[in-house]
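In the working numbering, the protein residues as written are 1450 to 1695. Cβ atoms here follow ideal geometry from the backbone N, Cα and C, with glycine treated the same way. Predicted model, so just to flag it, every value in this text is computed and none were measured. Data block below; observations after.
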């Protein structure tokens, strides 16, 4: 089958919107899910709450009823939090984990039985380099993405004999709407953007389209990987630039 049915959570903006466009360009049928719906993004089911297990089961069945199957699940929906472990409140922990971790579990629990019945499928989770690299003021977010990385590997082990591959993509700092809003509140937004670009050795932030390309690669039927964390981070987690003159 050349055209696949691809379910994408968090599809109304940023990385999710780029995924929708990327899979559509491949000739697939992307079905987006999001709390919000954008008129510029046809194919996005709005008002969808990934933290509600019943909604996840219902929407998975709705998609199978309408399209016949689900070939790819992109667990992309996520939220962030800023602060260290002292500043972070219990509400921060519950809110972020409800979306970033339990949301993936809810959607996977709803979709995987359909993939198992078909004996094939691919799941791609959106992780982050904060799962393996400590960044300041990202205690809650980093912990949630660490859980996503561990969950990805556990799911890959469980699903391999069902013909289902499970991988994740870990971007560095993405030039996304959330980052733009965060930087806009800085006293010197231009300097803040420059600092974010500089901390990645390749000298720029990651684009949403680049992340979408990585997800498309992991979802491709020709990709022979499972349990992999694909880094798209401009070198921040792998190399250090040292001034040899010092």
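To the nearest angstrom, how far is the alpha carbon of residue i from that of residue j?
i            : j            : result
residue 1650 : residue 1464 : 22 Å
residue 1469 : residue 1538 : 34 Å
residue 1680 : residue 1621 : 8 Å
residue 1475 : residue 1580 : 30 Å
residue 1671 : residue 1461 : 28 Å
residue 1453 : residue 1607 : 23 Å
residue 1678 : residue 1619 : 6 Å
residue 1688 : residue 1542 : 31 Å
residue 1491 : residue 1456 : 13 Å
residue 1572 : residue 1624 : 24 Å
residue 1707 : residue 1683 : Because the chain is modelled from 1450 through 1695, residue 1707 falls outside the range shown and cannot be assessed.
residue 1586 : residue 1640 : 18 Å
residue 1590 : residue 1524 : 16 Å
residue 1485 : residue 1626 : 14 Å
residue 1604 : residue 1643 : 38 Å
residue 1554 : residue 1561 : 10 Å
residue 1668 : residue 1480 : 15 Å
residue 1666 : residue 1635 : 35 Å
residue 1582 : residue 1664 : 21 Å
residue 1570 : residue 1494 : 22 Å
residue 1540 : residue 1584 : 21 Å
Return yes when the Cβ of residue j is within less than 8 Å of the Cβ of residue i, no when it is not.
i            : j            : result
residue 1506 : residue 1559 : yes
residue 1614 : residue 1575 : no
residue 1685 : residue 1519 : no
residue 1516 : residue 1458 : no
residue 1610 : residue 1568 : no
residue 1676 : residue 1602 : yes
residue 1471 : residue 1661 : yes
residue 1658 : residue 1473 : no
residue 1646 : residue 1637 : no
Provide the residue(s) that pair with residue i in DSSP beta bridges, ordered along the chain.
i            : result
residue 1573 : 1523, 1616
residue 1532 : 1587
residue 1623 : 1655
residue 1481 : 1457, 1493
residue 1681 : 1620
Given 7 Å as the limit, tell me if residue i has its C-beta closer than that to any heavy atom belonging to the ligand PLP.
i            : result
residue 1588 : The ligand PLP is absent from the structure shown, which contains no ligands of any kind.
On a Cα-Cα basis, can you pick out the residue from the options that is closest to residue i?
i            : options                : result
residue 1521 : 1564, 1540, 1511       : 1564
residue 1597 : 1646, 1616, 1689       : 1616
residue 1531 : 1652, 1628, 1659       : 1628
residue 1600 : 1504, 1643, 1551       : 1551
residue 1482 : 1508, 1595, 1639       : 1508
residue 1592 : 1648, 1635, 1533, 1604 : 1533
residue 1536 : 1480, 1588, 1595, 1664 : 1588
residue 1556 : 1583, 1493, 1503       : 1503
residue 1690 : 1666, 1664, 1648       : 1648
residue 1529 : 1664, 1594, 1494       : 1594
Stretch pair the segment 1540–1554 + the segment 1496–1504: three plus CB contacts closer than 8 Å
yes
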